[in-house]
Amino acid sequence: MTNRKQDIAEVALRLFGEKGFENTSTQLIAKAAGVSEALIFKHFGSKDQLLEFVIRNGYKRIIEDNRGGLGEPDPLTFIYSVIELPYKLVQAEPHFWKLQYRLADSEMARQQHERFMKPVPALLRQAFEKLGYPDPDKETALLLLLVEALWKMEATKTEDHGRYMLDFIKGKYQAQ
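Under the working numbering, the first residue of the sequence shown carries the number 615, and numbering increases by one thereafter.
See below:
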């Protein structure tokens, strides 16, 4: 990928995250990236295609950066790593996760997120089984709800006690 194309995508990610997709014009992106608006259309075709590129590339980076994290053999360590995931991901890519939060109603963004999370429920279920939890399915569903809430808190910074909540939730899980 050309440096200019990557620069445009990085500026778009930052602006989409800060201002929202609807409130960010290609003209604003071009000005902030120091390029012509025509170059944006040359590289991406449309603002929607630029957004799709930003989302797909973001998940590609995140998957590459977190490769191997799902292979944790110790069940409790794995559960703790899932609990830590929202904090870790948002700290590494704050604009991406703020954008992802803003795009909660976008089918494309939702599909990318579901693809990213797809292996997690089965692995959590196995971890809860290994730890002797009586209903691994319900534990998995509950933990995924908590992780979703932690992610939203962290992405929007609506609560300032994210680390406290992470540690509190981790304290709830032990071998049975």
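Just so you know, even glycine gets a beta-carbon here, dropped at the ideal spot from N, CA and C. All values derive from a computational prediction rather than experimental measurement.
Comparing C-alpha distances from M779 to each of E686, G659, L699 shows the shortest one belongs to L699. Inter-segment contact for the region 664-671 and the region 715-723 is present: three or more beta-carbon pairs are separated by less than 8 Å.
In this chain, the alpha helix (DSSP H) harbouring G631 covers 617-633. With respect to the C-alpha of P750, the residue from Q790, I783, K645 having the closest C-alpha is Q790. N671: member of the alpha helix (DSSP H) spanning 661-679, first to last residue. The C-beta separation of A769 from V696 comes to about 17 Å, leaving the pair out of contact by the 8 Å criterion. In the three-state DSSP reduction, Y715 falls in the helix class (H, G or I).
In this structure, T754 places its C-beta atom within 8 Å of the C-beta atom of P735. Per DSSP, the continuous alpha helix (DSSP H) segment holding K656 begins and ends at 651-658. In this structure the region 642-657 does not lie against the region 682-692, because fewer than three pairs of beta carbons, one per stretch, are closer than 8 Å. Annotation for D749: no alpha helix (DSSP H) segment contains it, and DSSP assigns it neither H nor E. With a contact defined as Cβ atoms closer than 8 Å, A644 and L629 miss out at about 11 Å. Contact check for G631 against H709 passes: the beta carbons are separated by less than 8 Å. A Cβ-Cβ distance of about 5 Å is found for the pair I693 and A741, placing them in contact under the 8 Å criterion.
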